[in-house]
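Novice: Before I ask anything, here is the structure I am working with.
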Amino acid sequence: MVPFAVGGLAAFAVAALIVLLADGPDRWLHVCIAGFLAGIPGLITMIVHDRHRRRRRALTHPEFRVTSQT
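Take 247 as the starting number for the sequence shown in my numbering and just add one per residue.
Below, the structure is given as C-alpha cells:
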C-alpha cells in the first residue's frame with residue numbers, strides 16, 4: 247500500500263506545482279497543499295502497517311523470511 251500513498255502524495259505535489267506555475271486560483275493551491283499534508287499521516291500509517299504485517303506473517307508462516315528491515 248505504500249506505493250499508492252506515495253503516488254497520491256506525488257500527484258498532489260505535481261498538481262500544486264502546476265497550479266502555482268499556471269497562476270491558478272489560490273483555493274486550488276490550498277486544496278493541493280491540504281491533500282499533500284493529509285497524505286503524510288496516511289503514508290506513515292501504511293509503512294507501520296506493512297512492517298507489522300511482515301512480522302505477523304513471519305510468525306504464522308515459518309518459511310517466510312524478512313530480508314530487509316525498512
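Built from N, CA and C at the ideal position, the CB exists for glycine as well.
DSSP state of residue 287, grouped into three classes?
Specialist: For the purposes of this step, residue 287 is taken as residue 41 along the sequence shown, with counting starting at 1. It is helical.
Novice: Residue 262 to residue 287, Cα distance in whole Å?
Specialist: Sequence index remark: in the sequence shown, residue 262 carries index 16 (1-based). Sequence index remark: in the sequence shown, residue 287 carries index 41 (1-based). Taking the straight line joining both Cα atoms gives about 19 Å.
Novice: Should residue 260 be labelled buried (16 or more other beta-carbon atoms within 10 Å of its own) or exposed?
Specialist: Taking the sequence shown and counting its residues from 1, the one referred to as residue 260 is at position 14. It counts as exposed.
Novice: Between residue 290 and residue 248, is the Cβ-Cβ spacing less than 7 Å?
Specialist: As a position in the sequence shown, residue 290 is number 44, starting the count at 1. As a position in the sequence shown, residue 248 is number 2, starting the count at 1. For residue 290 and residue 248, no; Cβs fall outside 7 Å.
Novice: Indicate whether residue 250 and residue 278 have their beta-carbon atoms separated by less than 7 Å.
Specialist: Along the sequence shown, read from residue 1 onward, the residue named residue 250 stands at position 4. Along the sequence shown, read from residue 1 onward, the residue named residue 278 stands at position 32. No, the pair does not count as a contact, with Cβ atoms beyond the cut-off.
Novice: Out of 267, 273 and 281, which has the shortest C-alpha to C-alpha gap to residue 254?
Specialist: In the sequence shown, the residue the question calls residue 254 occupies position 8. Looking at the Cα atoms, 281 is the closest of the given residues.
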